[in-house]
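>
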Amino acid sequence: MNNFPIQQFTSINEKGSLNFSNNKKQDKPNDKVKLVAFNLLFFTTLMLFNSKNSYEDGFAQSNDTSLSGDVNLLNNSVLEPLKPINLLPSNLSAPADNKQNLLTATLVPEKKEITIEPKLNSYAQYNTLSSEFRYKNIDEESLRTYLQNRNSILAEEPYFSTIINVAMSYDINPLFLFAITGQEQSFVPTTSSSHSKIANNPFNVHGSWKKYNTSIDDSANIVCKTLINLSKNKPSDYDTIKWINKKYASDTSWSSKVSKILNMLEEISG
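Those letters in the sequence shown? Residues 154 to 423, by the numbering used here.
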């Protein structure tokens, strides 16, 4: 027996035929439209809600503290301007107008007192002069200024540096040598017509500059050896310059004049 759906007579159409319908209730077209509209509204509302939450989370406006990165930490630390870190060593300083510019940092060397040890030659081992006549650092600029004020050619090079360097090599106070030039040739003023020749031997070694005239280096070496030789066997209670005076000069007042000049130079640049 075939199973046919039970049909129900509903009406008679215009042709006189009967209209039948199944027992299953048919949906009305308006109900389908309403269902689609409801679903569309629901999903649209859901999407807007999710978008709102994402927007708030992205700008840390949510009260949810379980998000990665604390909101307070973001406001107080991450957005806070970075504080400069001083990377300069203790002996570096940057210009006052730009303390953080490490590229323009300048080195400030530590001040240290430098003592120049004399570079002695072999003859210096025979030096028995007392301590006040031994080599020491002097105020060269003050000495040079004094000589310039006297129009001395010895303030110029090579004379000035040669006298100091030769004195150093024999461990003799350079002011002692300059004092001798002051007594012998009044520091060789440039006003003298022979100043360029006198400057070669301002100590008058081997008699005088007229008899012996080579170079300032040569005469400075000779006078240093002479001072060392003439100071030998000096009695401990005898004045050094007076002792040297016995053989260095025939003028007995030579020692007092040299001593006076030496004391003056010590006050100026000693």
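Cβ coordinates follow ideal geometry from the N, Cα and C atoms, glycine included.
(1) Tell me, to the nearest whole angstrom, how far the beta carbon of Phe356 is from that of Asn326; I am working on the premise that it is less than 8 Å.
(2) Just to confirm before moving on: does the CB-CB distance between Ile351 and Gln338 stay below 8 Å?
(3) Count the other CB atoms, across all protein chains shown, that sit within 10 Å of the CB of Leu296; report buried if there are 16 or more and exposed otherwise.
(4) In whole angstroms, what separates the C-alpha of Ser409 from that of Lys395?
(5) Give me whichever residues DSSP pairs with Ser314 in a beta bridge.
(6) Check whether the Cβ atoms of Ala332 and Val411 lie closer than 8 Å to each other.
(7) Are Thr343 and Ile306 close, meaning C-beta to C-beta below 8 Å?
(8) According to DSSP, which residues form a beta bridge with Pro388?
(9) Count the other C-beta atoms from every protein chain shown that fall within 10 angstroms of the C-beta of Phe329, then say buried if there are 16 or more, exposed otherwise.
(10) Please report the straight-line C-alpha distance between Val358 and Lys378, rounded to a whole angstrom.
(11) For Lys272 versus Ser322, is the C-beta spacing smaller than 8 Å?
(12) Whole angstroms are fine: how far does the CA of Ser347 sit from the CA of Tyr279?
(13) If you draw a straight line from the C-alpha of Ser284 to the C-alpha of Thr393, how long is it?
(14) Just curious, the alpha helix (DSSP H) that Gly335 is in, first and last residue?
(15) Need the endpoints of the alpha helix (DSSP H) that Gln278 sits in, please.
(16) Give me, in chain order, the residues of the same chain whose beta-carbon lies closer than 6 Å to that of Ser221; leave out the 5 immediate sequence neighbours on both sides.
(17) Check the C-beta distance from Trp407 over to Gln301 and give it rounded, since I have them as a contact under 8 Å.
(18) Where do the ends of the alpha helix (DSSP H) carrying Ile421 lie?
(19) Starting from Arg297, trace the alpha helix (DSSP H) both ways and give me its first and last residue.
(20) Is Leu383 near Lys400, with beta carbons less than 8 Å apart?
(21) Could you round the C-beta distance between Leu380 and Ile369 to whole angstroms and report it? I think they count as a contact, below 8 Å.
(22) Between which residues of its own chain and Phe340 is the CB-CB distance below 7 Å, once the five residues before and five after are set aside?
(23) On the DSSP bridge assignment, give the partners of Pro131 in chain order.
(24) Identify whether Ser372 lies in helix, strand or coil by the three-state DSSP scheme.
(25) Could you spell out the range, first to last residue, of the alpha helix (DSSP H) harbouring Tyr288?
In short:
(1) No, Phe356 and Asn326 are not in contact; Cβ-Cβ is about 15 Å, not under 8 Å.
(2) yes
(3) buried
(4) 8 Å
(5) Paired residues: none, contrary to the question.
(6) Taking a C-beta distance under 8 Å as the contact criterion, Ala332 and Val411 qualify as a contact pair.
(7) yes
(8) Beta-bridge pairing links Pro388 to no other residue.
(9) buried
(10) 11 Å
(11) Closer than 8 Å, so yes.
(12) 35 Å
(13) Rounded to the nearest whole angstrom, the C-alpha separation of Ser284 and Thr393 is 11 Å.
(14) Pro327 to Gln338 is the span of the alpha helix (DSSP H), which, as asked, contains Gly335.
(15) Gln278 -> no alpha helix (DSSP H), and no H or E assigned at all.
(16) Legend: pLDDT at Ser221 = 46, less than 50; position of this residue unreliable, value from coordinates given subsequently. Result list for Ser221: empty, nothing under 6 Å.
(17) Separation of the CB atoms of Trp407 and Gln301 is rounded to 26 Å, and the pair is thereby denied contact status at 8 Å.
(18) In the DSSP annotation of this structure, the continuous segment of the alpha helix (DSSP H) that includes Ile421 starts and ends at Trp407 to Ser422.
(19) Glu293 to Asn302
(20) yes
(21) With a Cβ gap of about 16 Å, Leu380 and Ile369 do not count as contacting.
(22) If we look at Phe340 and ignore the five residues flanking it on each side, its Cβ neighbours are Leu300, Arg303, Ser305, Leu307 and Thr334.
(23) The structure shown does not extend to residue 131, since the chain is modelled only from 154 through 423, so no value can be given for it.
(24) In this structure, DSSP gives Ser372 a helical state, which the three-state scheme calls helix.
(25) Note, Tyr288: premise wrong, no alpha helix (DSSP H); not H, not E.
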